[in-house]
Every structure is written in C-alpha cells, then in structure tokens.
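Heads up: the structure comes next, in structure tokens.
In my numbering, the protein residues as written are 421 to 736.
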C-alpha cells in the first residue's frame, strides 16, 4: 500500500436524514489511497469541527507514516536507524510487533527491502535473481526491531514500511474522533480499511461491498455494525510474467510474492488489527489462512483461484 499525498480535500453536505440530522462527507486521497468518510450529525458547527479534525489527523498520520516522504518518521527511522516515537504513534508499532508474533513473522513491517528489489516502489517491476532475494531477506526480521520506552531502533540496512497496517490505524483514529463527538452513525473507508460506527441511518447494518478480485464491481456484500473490515487482494498492485501473477504482498519467509489467494477480508473490532491480519492471511494463502483464522476465532472470507475458477472459503 503506497502512500501518496494530496493536500486537497472535499467536503460535501447533503440529504436530510431525519428532521434533526444531516449527512456529512469527507473525501481525500491521503494515507496511501482514497478516503471516504460519511457521518450524521445534528449540529452544523460540530460537524464542521469534526471534518476539520479528520483532515488534520489524516494529514498528521501521513506526515509520519508515509514511506515515500523524506521528512516522515518512517523515513527518519530508515535513514538514521533510530527515532523517537510520538506517544500517539507508538501503538501502531507495538501492535505490528504483536501481529508479527501472532503470525510467526508472516506479517513483518521490515519487509521493505524485498518490496524494493521486486520493484513495487517504482514503475520498474521485475523478477529479481534468487541471489538478490536471499540478500534482501537477511534484512527482514521483525525480531531485530527494538522499542525501548519512546524510542525505536533498527539494524543498518533494515527498512520498515507500515503500509500493511497504517490505513487500518488511520481508520481507528478517525473512529476515535467520531466517538469523542458522540457521533452514533458513521462509515469510515481509508483505502479499503473500513470502520462502521453504529447502524446506518435506516437502523440497519452498514452495507460494505467486497470487490470482485477477477472482474468489475463487487463479488458480495456484507453487513457491518460497530466494527471493522479489511480487504487485501492480489489485484491491487501486480504484474504478470508467463501467466503468473506477482502481487505486492510479499512472503517474508520465501522473499516471493504471496500466492494462493485472490482476496482476503477480515472482520474485527479494530481496523488496525483487521488490516494486519488481512495482510498476514494473504501471505499464508487460502487453506493455511483459514486454519489460522479458525484457530483464533477470527471471522474472515477468502477468495482464491483454482484452475481459473474463483473459489470461496469462510471461517466457521
């Protein structure tokens, strides 16, 4: 998930939902992708304060977690191999470590050297030589990341990239703003990481579409109330060589792009957790991923391709 910057944002206010509440929308392209946020509020001044705070928060997160910005916290960590962690940003690094341990390293924010040699940070995607893969793998190991008090330390030649979890973290942070203002109905979508607050205005679950990984439109719709949903797919950033699809989610164990999945959707209370687990299950593949989710009681939907036929697995 690449981080792109766009300081323009658009606010739309329309549709009377009830005699008391109006619909407010925030749209932007920041924190790595398109952001669409909808909420309902009875007071216009309060709504505009919320919109301003959302914009400020997302720009703040982008300024710290953007892999490509030379002035970001992530770039400073990668350049200097150490940095002070702001108290409000430290949790995403700690949760990343927890998910890495939970998945035995399948999720790993130190994946950047492998993404780099595969060309996913540029427009020059290529299959690297095995010797390049082996060399890059030496610098991928979450266990060598050290967090002490408010500081983070990484070895030389290691680079971190929070693209597999940062957008979920952003969705959670926006949901906290909504709760602070006692908003009861909202839907937050940060580049595919979704958080639903309460019911929709129709007093029904929010309806979220799962994209068809091999076609246009959505492949199914699901309901969401007071929870998060994260979808990762091999259709987002990929290239094809000799009929083989190479997508941007890399298996840190092999150094190769993950196979045996087309789309992974995870449901959880936290969008940050859902985002990281969706990345990990994509690496595991359909069957291993389902066993992992079942063992932890995590709800998920996995689509994978077999003999050019799209198949579906759902956790029990």
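The beta-carbon is built from N, C-alpha and C at its ideal position, and this holds for glycine as well.
Cβ-Cβ distances below 6 angstroms link residue 537 to 548, 552, 556 in the same chain, with the five nearest sequence neighbours on each side left out; the list follows chain order. In this structure residue 686 is in contact with residue 701, their Cβ atoms being roughly 7 angstroms apart against a cut-off of 8 angstroms. Every beta strand (DSSP E) stretch that sits fully inside the region 438-501 and reaches 3 residues is listed by chain position as 442-450, 453-461. For a cut-off of 8 angstroms, the C-beta gap from residue 680 to residue 706 is around 5 angstroms, short enough to register as a contact. Taking the CA atoms as reference points, residue 723 sits about 19 angstroms from residue 648. Between the C-alpha atoms of residue 730 and residue 640 there is a straight-line separation of about 13 angstroms. Unbroken alpha helix (DSSP H) stretches of 4 residues or longer found wholly inside the region 493-560: 493-500, 510-522, 532-537, 550-557, given in chain order. Non-local beta-carbon contacts of residue 531 in its own chain, meaning distances under 8 angstroms to residues more than five positions away in sequence, involve 560, 581, 584, 670, 672 in chain order.
Here DSSP, grouped into helix, strand and coil, assigns residue 679 to coil. Taking 8 angstroms as the cut-off, the beta carbon of residue 626 is found closer than this to the beta carbon of residue 616. Inter-residue distance for residue 446 and residue 659 is about 32 angstroms (C-alpha atoms, whole angstroms).
Shown here, residue 593 sits in a helix according to DSSP, grouped into three states. Separation of residue 697 and residue 567 (C-alpha to C-alpha, rounded to the nearest whole angstrom) is 21 angstroms. With respect to residue 481, residue 599 sits apart: the two C-beta atoms are not nearer than 8 angstroms. Given a length threshold of 4 residues, each whole run of the alpha helix (DSSP H) inside the region 562-619 is given here in chain order: 586-600.
Per DSSP, the unbroken beta strand (DSSP E) holding residue 734 starts and ends at 729-734.
For residue 571, the CB contacts under 8 angstroms within the same chain, skipping 5 residues up- and downstream, are 502, 503, 504, 505 in chain order.
In the structure shown, residue 722 falls within a strand segment according to DSSP collapsed to helix, strand and coil. Using a C-beta cut-off of 8 angstroms, the region 468-481 makes contact with the region 443-458, since at least three inter-stretch Cβ pairs fall below that distance. Ranked by how close their Cα comes to the Cα of residue 455, the residues 498, 574, 636, 474 have 474 in first place.
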